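*Asks:*
There are 2 protein chains.
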Amino acid sequence: MMSKSATRPILRMLGRFYASTSSGVEAAASSTTSTTQTVKQTLPVTGHKLAYSEFGDPSAVIRRERFQIDAVPENHIVVKMLASPVNPADLNTIQGTYPVKPAKLPAVPGNEGVGVVIKTAAIPGRDPINEGDWVIPRTPAFGTWQAFVHGSSEDFIKIPQMDLVTAATLSVNPCTAYRMLKDFETLKPGDRVIQNGGNSAVGQAVIQLCREFGLKCVSLVRPREDFKQLKAKLMTLGNSDTIIITDDDLRGMMRDFKAQLALNCVGGKCATDIMRVLDTGRTMVTYGGMSRQPVVLPTSSLIFNDVKLKGFWMTRWNRTQPHEDRKEMLEYLSNLALTGKWIPPEHKLIPFAKYRDALENTMKGYTGVKYIIKFD
Amino acid sequence: MMSKSATRPILRMLGRFYASTSSGVEAAASSTTSTTQTVKQTLPVTGHKLAYSEFGDPSAVIRRERFQIDAVPENHIVVKMLASPVNPADLNTIQGTYPVKPAKLPAVPGNEGVGVVIKTAAIPGRDPINEGDWVIPRTPAFGTWQAFVHGSSEDFIKIPQMDLVTAATLSVNPCTAYRMLKDFETLKPGDRVIQNGGNSAVGQAVIQLCREFGLKCVSLVRPREDFKQLKAKLMTLGNSDTIIITDDDLRGMMRDFKAQLALNCVGGKCATDIMRVLDTGRTMVTYGGMSRQPVVLPTSSLIFNDVKLKGFWMTRWNRTQPHEDRKEMLEYLSNLALTGKWIPPEHKLIPFAKYRDALENTMKGYTGVKYIIKFD
């Protein structure tokens, strides 16, 4: 069990799920790799990395330093990072409050990102990962906030070349949406999914996947001045059954609605509200706590309406479920991207040198954009 | 979904789960039946029943009236009621706030109770239910607060003759405890169950069933002056691994404990507390809301500790699950009673004529005793 003091900062960051910034990568001196073409590159390579030697406030403990990779183990592949998002979980890891810790300090932060393979001993066409391939890390806390990473081919998953932002943000938010729609209720086309935080990166992914799965998606967003524009934008992600409403609209509009699945990343009143429209025996899945309020559930809903409350954490799923299932999921999502059916979340690409902008804006939360460090 | 106004009184009564009184039955004029022997009895039979013609405050809407059964359908059996508990759910049904409603008004209240068969067309020894057998109603809202009931043999379940209070209270509270221990987690001997409301009738049943199943039971009770005596009493129901503590003791004592199942009939802080000691991926089952506070769950527990929240309602289980499973459960519990291994809950037997005492004391809640109407 986590201590109360450890829990609070996590909730604080969960409260900012899915924003993002970054800062211009300083291209490695010897690199001629671009994001779309690959040129064989030999060691040494030189670039910058972010690192921290003690847990604490990211703005205070993170430093940017130049490093060089002179040699790697025989079986290692070297990957030039292209782009890495700044997720709230990254900040919690740096704060030392996240359940995933770096193996040792000093450590390089970054759980997610996409890179291109610039050195491998693989036989082209025969081995699973070859030079020029795009890869994402297989494990969390891999340290993606650096110009180059290396590891065995087991440490990476190959993905097709696609839109850079989609690739950099593929493994956490879209996968979270995918699993929540697949693993908690057996949904059939026409069933209804209700979610809060509809404008979060996961929320946007849920709207798009509901469209693909033939589900009716009701998304709640906080009341705001530009609600009409936001609604119009989110509607383009969905199907003809997509509904975008503010939290306040729910009670009036949903009186006769029943949902077969509820997805909660907010907590507090807004979680209770979407739980109230759940059909008998159905599940609300919690994957975030933007409001920093706990989930509150009337006893009668549990007993007489038989609603179930569960949580979802992508990291646990990746650790415990077969890799084949993950591959299948990434293939499905990649195909959506490759066929033009996937719109990446609202974002800002930040050059690596300006990484502080990415950190500080993500810390603020509720920015509505994901900050992504771009290394090229 | 239930309206807010409907939910509140239910919670109010859930807040008083499992108390009990009653008032002297006026024996039917022609009855010579006692609780332990049966004498063939022919119609008509005359006795009293409680009834209500409108939903409302039980003290105001319930009246006691004399009635006579002159004739019953060919295939009906006639049962002389022996004892019926007053459960909070009965009062909510009278208030009109319970999800189970009588088929029509006026109606006789009472969901639970035991009676003896005084008339049947069955061939002795060949039919499942014979004169002299003890039976309990198969469906809720059967109307057990009357001296005589009748129905087809399908409407009743035969149980062995046993301690009267155990028999009268067998079908709700012990069954609730049994199902919660069996159906939510696969528990092995040595696993730990934590519950609040340890002094409730279900709580006492849980302690006894944990003893039989080889489980370690940690029971929380509210701090009180006579805690030592209460603890001593509850300890006699358990095994050497039974622990009885006050709510306040939990944090200090349970620091290194992990439970594999949590049972909640209180809600509020006390539900959050027992949920906090749940092992990763385990379940808290809610079956009551004594504190009238909702269940509050930190987001981090759902996401990172993967705890699951579910509800249990015996009525739904009875409706949806195979009757064979119910028979098997009742046989198991009956055997415990017959072999002296079952201690019925703290109770007061109330003569039928004094039924108001039973109603009013159960309404008060937190009496620590179950009030049982005794018809003989």
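Note that the protein sequences, when read in sequence, are chains A and B. The opening position of the first sequence corresponds to residue 1 in the working numbering, with each subsequent residue numbered one higher. The opening position of the second sequence corresponds to residue 1001 in the working numbering, with each subsequent residue numbered one higher. The C-beta atom is built at its ideal place from N, Cα and C for all residues, glycine as well. Note that the structure is predicted; figures quoted are calculated from it, not measured.
#1: Could you tell me which chain A residues have their CB closer than 9 angstroms to the CB of D1306/B, listed as they occur along the chain?
#2: Per the DSSP calculation, M1081/B is bridged to which residue(s)?
#3: Would you check if there are 3 or more beta carbon pairs closer than 8 angstroms linking the stretch 1184–1202 of chain B to the stretch 1254–1268 of chain B?
#4: Is DSSP giving S1005/B helix, strand or coil here?
#5: Pull up the DSSP beta-bridge partners for N173/A, would you.
#6: So that I know if they touch, is there some Cβ in chain A lying closer than 9 angstroms to that of P1174/B?
#7: Output yes if chain B places a C-beta closer than 9 angstroms to the C-beta of I10/A; else output no.
#8: Do you know offhand how far T32/A's Cα is from I69/A's?
#9: Indicate the three-state DSSP secondary structure (helix, strand or coil) for T280/A in the structure shown.
#10: For chain B, is any of its Cβ atoms less than 9 angstroms away from the one on G365/A?
#11: Taking Cβ to Cβ, would you say T1272/B is nearer than 9 angstroms to P1140/B?
#12: In three-state terms, what does DSSP make of R319/A?
#13: Could you pull out every residue in the same chain whose Cβ sits closer than 6 angstroms to the Cβ of V1285/B, ignoring the five residues on either side in sequence?
#14: Would a check of beta-carbon distances place G1197/B closer than 9 angstroms to chain A?
#15: Can you give the Cα-Cα distance for M235/A and D249/A, rounded to whole angstroms?
#16: Between R356/A and V61/A, what straight-line distance do the alpha-carbon atoms span, to the nearest angstrom?
#17: Please classify R1211/B: does DSSP put it in a helix, a strand, or coil?
#18: Starting from Q195/A, follow the beta strand (DSSP E) in both directions and report where the run begins and ends.
#19: Looking at the ligand MG, does it come within less than 8 angstroms of T1042/B, judged from the CB to the closest heavy atom?
#20: Near D1241/B, what residues of its chain come up, given a Cβ to Cβ distance below 6 angstroms and the 5 sequence neighbours on each side ignored?
#21: Can the beta-carbon of V86/A be found less than 9 angstroms from the beta-carbon of K49/A?
#22: Just grab the DSSP bridge partners of F1148/B for me.
#23: Residues in the same chain with beta-carbon distance under 8 angstroms from S1334/B, minus the five sequence neighbours each way, listed in chain order, please.
#24: For T1286/B, return the contacting residues in chain A, with the cut-off set at a CB-CB distance below 7 angstroms.
#25: Which of the three DSSP states, helix, strand or coil, is assigned to T1046/B?
#26: According to the neighbour-count rule (16 or more other Cβ atoms, all chains shown, within 10 Å of its Cβ), is M1/A buried or exposed?
#27: Kindly list, in the order they appear in chain A, the residues whose Cβ is closer than 7 angstroms to that of P1099/B.
#28: Using a Cβ-Cβ cut-off of less than 9 angstroms, list which residues of the stretch 1191–1220 of chain B approach chain A; keep chain order.
#29: Can you give me the C-alpha to C-alpha distance between T1176/B and L237/A, rounded to a whole angstrom?
#30: Among I1274/B, P1298/B, F1304/B, which has the Cα closest to the Cα of T1280/B?
#31: Across which residues does DSSP place K1104/B in a beta bridge pair?
#32: Could you work out which residues of chain B lie near G368/A, taking near to mean beta carbons separated by less than 9 angstroms?
#33: In the DSSP assignment, what residue or residues form a beta bridge with P99/A?
#34: List the DSSP bridge partners of K1158/B.
#35: Can you tell which of D376/A, L330/A, A358/A, V369/A has the C-alpha that lies nearest to the C-alpha of K167/A?
#36: Quick one, are the C-beta atoms of V1295/B and L302/A less than 9 angstroms apart?
*Replies:* If we stick to the structure as given:
#1: Residues of chain A passing the Cβ test: K310, G311, F312, W313, R316.
#2: Answer is G1115/B.
#3: Judged by Cβ distances under 8 angstroms, the stretch 1184–1202 of chain B makes contact with the stretch 1254–1268 of chain B, as three or more pairs qualify.
#4: A caution first: S1005/B carries a pLDDT of 44, below 50, which makes its placement in the model unreliable, though a value can still be read off. Three-state DSSP puts S1005/B in a helix.
#5: Partner(s): none; N173/A has no beta bridge.
#6: No, its Cβ sits nowhere closer than 9 angstroms to a Cβ of chain A.
#7: Below a pLDDT of 50, predicted positions are generally treated as unreliable, and I10/A, at 45, falls in that range; no measurement from the model is reported.
#8: Its pLDDT being 33, under 50, T32/A is placed unreliably in this model, and the coordinates cannot settle the point.
#9: Strand at T280/A.
#10: The C-beta of G365/A comes no closer than 9 angstroms to any C-beta of chain B.
#11: No; because the gap between Cβ atoms is not below 9 angstroms, this pair is not in contact.
#12: The DSSP-derived three-state label of R319/A is helix.
#13: Setting aside the 5 residues that flank it on each side, V1285/B is surrounded in the same chain by M1180, F1184, L1263, K1310, F1312, each with a C-beta closer than 6 angstroms to its C-beta; the list follows chain order.
#14: No, no contact with chain A.
#15: Distance between the alpha carbons of M235/A and D249/A is about 17 angstroms.
#16: Roughly 11 angstroms separates the two Cα atoms.
#17: The three-state reading of DSSP puts R1211/B in helix, counting H, G and I together.
#18: Per DSSP, Q195/A belongs to the beta strand (DSSP E) from 192–195.
#19: Judged by which ligands are present, the structure shown has none, so any question about the ligand MG falls away.
#20: Excluding sequence neighbours, D1241/B sits near K1216.
#21: V86/A places its beta carbon 9 angstroms or farther from that of K49/A.
#22: BP columns for F1148/B point to K1080/B.
#23: Excluding sequence neighbours, S1334/B sits near I1159, P1160, M1162, L1170.
#24: Result: T299, L302, I303.
#25: In the structure shown, T1046/B sits in a strand (DSSP, three-state: E or B).
#26: Confidence is the limiting factor: at M1/A the pLDDT is only 41, short of 50, which leaves the residue's position unreliable and the question unanswerable from this model.
#27: Listed along the chain, the chain A residues whose CB falls inside 7 angstroms of the CB of P1099/B are F304.
#28: Shown here is that no member of the stretch 1191–1220 of chain B has a Cβ falling below 9 angstroms from a Cβ of chain A.
#29: If I take the Cα positions, the gap works out to 46 angstroms.
#30: Looking at the Cα atoms, F1304/B is the closest of the given residues.
#31: Per DSSP, none; premise fails for K1104/B.
#32: For G368/A, there are no neighbours in chain B by C-beta distance under 9 angstroms, as the nearest C-beta there is about 21 angstroms away.
#33: In the DSSP output, where bridge partners are listed per residue, P99/A has none listed.
#34: Per DSSP, the beta-bridge partners of K1158/B are V1135/B.
#35: The sequence given here places Ala at residue 167/A; Lys does not occur at that position. For A167/A, the closest alpha carbon among the candidates D376/A, L330/A, A358/A, V369/A is that of L330/A.
#36: With respect to L302/A, V1295/B sits close: the two C-beta atoms are nearer than 9 angstroms.
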